[in-house]
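Novice: Just so you know, the protein sequences line up as chains G and U, in that order.
The opening position of the first sequence corresponds to residue 8 in our numbering, with each subsequent residue numbered one higher.
The opening position of the second sequence corresponds to residue -7 in our numbering, with each subsequent residue numbered one higher.
All residues carry an ideal CB built from backbone N, CA and C; glycine is no exception.
Quick caveat: nothing in here was measured; it's all calculated off a predicted structure.
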Amino acid sequence: EAGVTQSPTHLIKTRGQQATLRCSPISGHTSVYWYQQALGLGLQFLLWYDEGEERNRGNFPPRFSGRQFPNYSSELNVNALELEDSALYLCASSLGTATDTQYFGPGTRLTVL
Amino acid sequence: QKEVEQDPGPLSVPEGAIVSLNCTYSNSAFQYFMWYRQYSRKGPELLMYTYSSGNKEDGRFTAQVDKSSKYISLFIRDSQPSDSATYLCAMTITGGGNKLTFGTGTQLKVEL
């Protein structure tokens, strides 16, 4: 069974630009989560999408946004990039309840210059 | 104060040693506790999942939860070089928007 996939693997942008990151969940999973893993800060919850709707949002500014498509894949958009947005962005998927295991993808390394 | 505290290490042990990894937390509402392992340049993978207080064993791994002390542990017996990774504790609550709250991770190196 294929795991969670993310693209691109690496992304280099400059300050002020926009970044788009993509995620495909495990087949059968309806929920997609986005986490930011910045150096020294651990994984920080960003967003949860389920059945095409945003269900929960972490403590991040509105320039972090996303969407979930009818095939349950998801996109994370980061507008007006700042240097401190440089991090590993991890996508996870699950069946959708709080107790279901979240399975993580390999991440997209975003570097903002 | 962070909701979940975890010693970042690095922790270096000889092969065959027993490893103890720990997290403390401040939110008594946390009900479900997980340990993830993350190899370099990879995403985290779930190792252990426990609910409420008690012990859970899986092969060389034992997870322990003490809700009264707000303290969780992961023990690794007979550690192997392949166990060298970053270990992340995570926790969540029902009705908490499916958000996992993570510790910062402990970097473990098992040396030959």
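Taking only beta-carbon positions, decide if Pro73/U is within less than 8 Å of chain G.
Specialist: Indexing the second sequence from 1 puts residue 73/U at position 81. Not one chain G Cβ lies under 8 Å of Pro73/U.
Novice: Quick one: list the residues of chain G neighbouring Gly46/U, beta-carbon separation under 8 Å, in chain order.
Specialist: Position 54 of the second sequence, counted from the start, is the residue given in the question as residue 46/U. Within 8 Å Cβ-Cβ: nothing; Gly46/U doesn't reach chain G, min ~16 Å.
Novice: With 8 Å set as the bound, which would you pick, yes or no: does the beta-carbon of Ala94/G sit closer than that to a beta-carbon of chain U?
Specialist: One-based indexing of the first sequence puts residue 94/G at position 87. No, Ala94/G lies away from the interface with chain U (no Cβ there is under 8 Å from its Cβ).
Novice: Kindly confirm or deny that the segment 22 to 37 of chain U and the segment 75 to 84 of chain U touch, where touching means at least three C-beta pairs closer than 8 Å.
Specialist: Taking 8 Å as the limit for Cβ pairs, the verdict is that the segment 75 to 84 of chain U does touch the segment 22 to 37 of chain U.
Novice: In this structure, what does DSSP give as the bridge partners for Lys34/U?
Specialist: Along the second sequence, one-based indexing puts residue 34/U at 42. Paired residue(s): none; Lys34/U is not in a bridge.
Novice: When DSSP labels each residue in this structure, what does Ser18/U get in the three-state scheme?
Specialist: Stepping through the second sequence from its first residue, residue 18/U is reached at position 26. It is coil, neither helix nor strand.
Novice: DSSP on Pro113/G, reduced to helix/strand/coil?
Specialist: Translated into positions along the first sequence, residue 113/G becomes position 106. Pro113/G: coil per DSSP, three-state reduction.
Novice: When the Cα atoms are used, what is the spatial distance from Ala99/G to Gly35/G?
Specialist: Along the first sequence, one-based indexing puts residue 99/G at 92. Along the first sequence, one-based indexing puts residue 35/G at 28. Rounded to the nearest angstrom, the two C-alpha atoms are 13 Å apart.
Novice: In terms of alpha-carbon separation, which member of Gln30/U, Arg69/U, Pro73/U, Ser65/U lies closest to Gly51/U?
Specialist: Taking the first residue of the second sequence as 1, we reach residue 51/U at position 59. Of the listed residues, the one whose Cα sits closest to Gly51/U is Arg69/U.
Novice: Quick check: the Cα distance between Tyr40/G and Ser93/G, rounded to an integer number of angstroms?
Specialist: Translated into positions along the first sequence, residue 40/G becomes position 33. Translated into positions along the first sequence, residue 93/G becomes position 86. Using only the alpha carbons, I get a separation of about 19 Å.
Novice: Would you check if there are 3 or more beta carbon pairs closer than 8 Å linking the segment 29 to 39 of chain U to the segment -4 to 14 of chain U?
Specialist: Result no; under three Cβ-Cβ pairs closer than 8 Å.
Novice: For Gly112/G and Asn66/G, what's the separation of their Cα atoms in angstroms?
Specialist: For the purposes of this step, residue 112/G is taken as the residue at position 105 of the first sequence. For the purposes of this step, residue 66/G is taken as the residue at position 59 of the first sequence. Each residue's alpha carbon lies about 22 Å from the other.
Novice: Looking at Ser31/G and Val11/G, is the spacing between their C-beta atoms short of 8 Å?
Specialist: Taking the first sequence and counting its residues from 1, one reaches residue 11/G at position 4. Taking the first sequence and counting its residues from 1, one reaches residue 31/G at position 24. Cβ atoms of Val11/G and Ser31/G: closer than 8 Å.
Novice: Taking Pro6/U and Gln99/U to be in contact with their CB atoms under 8 Å, please state how far apart those CB atoms are, rounded to whole angstroms.
Specialist: Mapped onto the second sequence, residue 6/U falls at position 14. Mapped onto the second sequence, residue 99/U falls at position 107. With 8 Å as the limit, Pro6/U and Gln99/U do not qualify as a contact, their Cβ atoms being about 16 Å apart.
Novice: What are the residues that DSSP puts in a beta bridge with Lys20/G?
Specialist: Position 13 of the first sequence, counted from the first residue, corresponds to residue 20/G. Val119/G.
Novice: Check whether the Cβ atoms of Leu83/G and Ile19/G sit closer than 8 Å, and answer yes or no.
Specialist: The residue you call residue 83/G lines up with position 76 of the first sequence. The residue you call residue 19/G lines up with position 12 of the first sequence. No, they are not a contact pair.
Novice: Rounding to the nearest angstrom, what Cα-Cα distance links Trp55/G and Lys101/U in this structure?
Specialist: Taking the first residue of the first sequence as position 1, residue 55/G is located at position 48. Taking the first residue of the second sequence as position 1, residue 101/U is located at position 109. Trp55/G and Lys101/U: Cα-Cα distance of roughly 33 Å.
Novice: Pick out whichever of Tyr96/G, Gly59/G, Val85/G has its Cα sitting closest to the Cα of Asn78/G.
Specialist: What you label residue 78/G is simply residue 71 of the first sequence in a count that begins at 1. The residue with the shortest Cα to Cα distance from Asn78/G is Gly59/G.
Novice: Between Gly73/G, Pro69/G, Pro68/G, which lies nearest to Glu61/G when the distance is taken from Cα to Cα?
Specialist: Residue mapping note: residue 61/G aligns to position 54 of the first sequence, counting from 1. The option with the nearest alpha carbon to Glu61/G is Gly73/G.
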